[in-house]
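Notes follow once the structure below has been shown.
In the numbering used here, the protein residues as written are 168 to 360.
What follows is the structure in structure tokens.
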């Protein structure tokens with residue numbers, strides 16, 4: 168959702184606007200669907216305000232992604248959609264990994280502050296518990312605590328595959344809706360004629 172204002176500020180159509188709109192569609196539909204449907208336990212905490220806020224936030228992400236995809240604002244333009252959204256995802260992923268490592272290095276000597284709160288940007292820090300990697304540890308036969316840099320890369324690969332599977336599902340739903348709508352319009356035109 169943070170990219171929606173950036174998209175709205177870019178006035179001219181072009182590569183940058185396509186890059187931002189493709190990424191916004193992909194990350195909105197993926198983040199919204201994943202949290203609200205598949206893994207709501209990742210965002211529910213003891214603080215009810217944070218839990219409600221998170222579900223509203225991810226529900227809005229799901230709604231924005233559905234609007235962008237079902238109404239065909241973003242589409243697979245000869246593979247440009249995949250390249251654009253993946254490029255932006257890798258940039259955001261890199262910033263999050265660097266931010267997580269900087270936060271760890273800054274606060275690692277202050278154990279009281281570090282134990283109580285250390286940000287985990289995009290929930291993919293290799294220094295903290297990451298639920299998605301623990302779900303795949305038994306499948307990949309790894310111990311993410313011993314090979315700690317594997318966590319961000321597992322997140323990158325799993326999120327990439329998951330995002331495109333979810334995007335494809337919603338795109339297919341949108342395609343069906345567009346087909347039904349075009350048949351309805353054609354039938355309505357023949358009745359008027």
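Glycine residues also receive a C-beta, built at the ideal position from the N, C-alpha and C atoms.
DSSP three-state assignment for residue i, whether helix, strand or coil
i	result
residue 213	coil
residue 267	helix
residue 319	helix
residue 177	coil
residue 241	coil
residue 251	helix
residue 135	Given that the chain is displayed from residue 168 to residue 360, the structure contains no residue 135 and the question cannot be resolved.
residue 326	helix
residue 172	helix
Same chain, Cβ closer than 8 Å to residue i, five either side skipped, listed in chain order
i	result
residue 329	197 and 201
residue 333	196, 197, 200 and 201
Residues near residue i in its chain [Cβ-Cβ closer than 6 Å; skip 5 each side]
i	result
residue 323	260
residue 221	210
From the options, residue whose alpha carbon lies closest to that of residue i
i	options	result
residue 338	222, 268, 238 and 208	238
residue 219	326, 203 and 275	203
residue 345	332, 240 and 277	240
residue 189	231, 224 and 226	231
residue 182	234, 250, 224 and 199	250
residue 206	342, 354, 353 and 225	225
Close beta carbons around residue i, own chain, < 7 Å, minus the five adjacent residues each side
i	result
residue 212	218
residue 193	252, 330 and 334
residue 349	none
- Query: Could you give the uninterrupted runs of the alpha helix (DSSP H) lying entirely in the stretch 195–239, keeping only those of 4 residues or more?
  - Reply: Counting only runs of 4 or more, we get 215–237.
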